[in-house]
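Here the structure comes first, spelled out in structure tokens, and everything after it is commentary.
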């Protein structure tokens, strides 16, 4: 449940809606209840947010609160101020119905009989009853005036709330546009700064291009330097175009910035105006009216009590003596009543002033309300127009940035040229090295193939005549043949000297030689380590022999010793000790040989045992061999399936390439279509040709008339060209409703639809008229 304020009348409704209800359904309900068409409805929250017809109420968290409120605006009342309804100023006038009771008192002095006493009492009773009726009439009048005041206050408060919601909506539009414009202005300032840094050294950059000579292998015709690749006249014309467009865009952006600042000041001015000034005045008047009504109610209660007292006293008045006593008391009461009635009349007359003020405030606030709505609507229209211009200038900034990128290539051209030359050299050297490796590998494959062919022929000559063709049929196959097919081998210019090519081709041989030398050095290091250990052992043996006094050097290199027969006749006396020592060493060596022979015997037995164990294991693992054979067959089957899948994948890849080629062609045709001039239908991003006719520009068409160039696009031209070519960035549809210049600028028949196209100018042309 939420409150809905109708802005043009100030009425307040209670709307039953849940979070799942859509905004579109709410529009339908309001159209049936208020009679305002859906197209004329504007729904705003208290924060100024416009409700989107495609959203639901739960998308707006502020509407889920208990004090949530919506404000319904009627578009036609915003554009045209409705007349204030003439409210009859019936202030509920009250006539006097009683006067003083002095005449009744004089009449009562003349009466003598009891019948006359009752007649006098009746007159007093009617007199006091008339006083009560008079006071009650005053009170009812105050009540009605107070209710009328409260109704006017509620209306003014509802309109005041609606005005605040409309201002919040305007402020949101302004903030969005300001954020967008700030980003655009910052980006445009950076773009101008970068362009200035590019435009100033332009002549020096062109001069540097003339100093850089092309490689002899890259020269074509008269092209000898980098400046010959890019025509200087074309680049200077491109620079002049960039500078001119930048100046025009910079001037337009400056004007736009001033307009945005002006709109910001106006919006702040509207916000600084007190929207509650009238409400404060109304509240003061209503509080005064309520105070006066309270006084009238108090006087009415007093009169009511006195009337009850009079009625009780009249019941006990039957004789003249009682009448005199009653008359004296009634005169006192009557004097009090007259004073009270006089006070009520003063309050009654003074209550006209706040009510009259409320009527005046209502009229003033009515004018103030619609004046503010007009101002807010006008500011929103200006903000939308500025936003459109910002979008148009943003497209121009992107176009200027693209033109700047083309000029930036001139500055980067020397470095790009050096990078391309280096890359060409690298690819040329890689191509030569790659082909050298391929040729070497082909020669090795050919030699291996010839050797294998010779071996198979030799085997066939020796064994084929004695073997059946069904036995070992696979031995009839020849050696495998391999053919290397090199693809994507482009033809590169020879910008590499023979020495560089020789060094590049010899780099691999040098690397192989370095690796072979490193391997040989490592082997020599190992040999030297072994030789050093052997020398160390011999040195230790020699030292031991010198210590024992031996004079014979003896080296035992094998475990097998040949017995040396020493005859006693050949032994000299001084050699006896040596012979004895040799005999002892001989015996020791024979013992060691016997020990080694026993160890060899044991090792042989262990080997036989292991052989028997191996045979038993082979018998036990026969089922594993069957399993291995099964695995081999499965492998063969999987390889066959893999080949089949490879063929399918190749087929799918071929279809994918065909599909990609088809998509590339469609994309190419779409790009080509975007660059063609449209003349049958005009959509966003189409290219249109506009020709000047009778002071305005109409698009060249065939069956699609009334497409005119928007005024925003014409403002960027200092002179009006005859032909304008541009890409459509915005389409606005209108209808010729009358013959005024504002609603029908192209002098079309009433009721004719026409379209104003905002474009990004691609080319403009001015034809010179030849005088006869």
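In this note's numbering, the protein residues as written are 10 to 781. Every residue gets a Cβ at the ideal spot worked out from N, C-alpha and C, and that includes glycine. This one's a predicted model, so the numbers in the text were calculated from it and none came from an experiment.
Classify residue i as buried or exposed, calling it buried when 16 or more other Cβ atoms lie within 10 Å of its own Cβ.
| i | result |
| --- | --- |
| residue 60 | buried |
| residue 719 | buried |
| residue 503 | exposed |
| residue 766 | buried |
| residue 143 | buried |
| residue 405 | buried |
| residue 146 | buried |
| residue 484 | exposed |
| residue 528 | exposed |
| residue 158 | buried |
| residue 112 | Because the pLDDT of residue 112 is 44, which lies under 50, any placement of that residue in the model is unreliable, and the number read from its coordinates should be weighed accordingly. Under this definition residue 112 is an exposed residue. |
| residue 706 | buried |
| residue 77 | buried |
| residue 768 | buried |
| residue 251 | buried |
| residue 450 | exposed |
| residue 638 | exposed |
| residue 128 | exposed |
| residue 619 | exposed |
| residue 419 | buried |
| residue 34 | exposed |
| residue 654 | exposed |
| residue 213 | exposed |
| residue 119 | With a pLDDT of 47 at residue 119, under the threshold of 50, the modelled position of that residue is not reliable, and no figure is offered here. |
With the cut-off set at 8 Å, would you say residue i and residue j are in Cβ contact?
| i | j | result |
| --- | --- | --- |
| residue 413 | residue 203 | yes |
| residue 787 | residue 388 | Only positions 10 to 781 of the chain appear in this structure, which leaves residue 787 out of reach. |
| residue 725 | residue 696 | no |
| residue 699 | residue 713 | no |
| residue 148 | residue 306 | yes |
| residue 495 | residue 437 | no |
| residue 440 | residue 501 | yes |
| residue 36 | residue 25 | no |
| residue 81 | residue 179 | no |
| residue 211 | residue 403 | no |
| residue 183 | residue 268 | no |
| residue 58 | residue 181 | yes |
| residue 308 | residue 341 | no |
| residue 31 | residue 67 | no |
| residue 401 | residue 721 | yes |
| residue 346 | residue 140 | yes |
| residue 488 | residue 461 | yes |
| residue 257 | residue 201 | no |
According to DSSP, residue i sits in a beta bridge with which residue or residues?
| i | result |
| --- | --- |
| residue 741 | 765 |
| residue 712 | In the DSSP output, where bridge partners are listed per residue, residue 712 has none listed. |
| residue 21 | 14 |
| residue 705 | 702 |
| residue 774 | 732 |
| residue 688 | For residue 688, which the question treats as bridged, DSSP gives no partner whatsoever. |
| residue 717 | 707 and 765 |
| residue 234 | 222 |
| residue 229 | 232 |
| residue 65 | 31 |
| residue 59 | 53 |
Over what stretch of residues does the alpha helix (DSSP H) that includes residue i continue unbroken?
| i | result |
| --- | --- |
| residue 42 | 32-43 |
| residue 217 | 211-220 |
| residue 81 | No alpha helix (DSSP H) contains residue 81, which is instead part of the beta strand (DSSP E) from 78-83. |
| residue 722 | 720-723 |
Following the continuous beta strand (DSSP E) through residue i, name the residue where it begins and the one where it ends.
| i | result |
| --- | --- |
| residue 701 | 696-702 |
| residue 51 | 50-54 |
Answer yes or no: the CB of residue i versus the heavy atoms of the ligand MN, is any distance below 7 Å?
| i | result |
| --- | --- |
| residue 140 | As far as ligands go, the structure on display features none, and thus does not contain the ligand MN. |
ask   = Do the segment 48-56 and the segment 162-177 touch if we need at least three Cβ pairs shorter than 8 Å?
value = Three or more Cβ pairs closer than 8 Å define a contact, and the segment 48-56 meets that threshold against the segment 162-177.
key: Meets three-Cβ-pair contact criterion under 8 Å: the segment 728-744 and the segment 260-279   = no
key: the segment 727-735 touching the segment 408-426, judged by at least three CB pairs closer than 8 Å   = No, because fewer than three Cβ pairs between the segment 727-735 and the segment 408-426 fall closer than 8 Å, the two stretches do not touch.
ask   = Should the segment 420-427 be called in touch with the segment 222-239, which here means at least 3 C-beta pairs below 8 Å?
value = yes
ask   = Is the segment 151-170 close to the segment 35-44, with three or more CB pairs under 8 Å?
value = no
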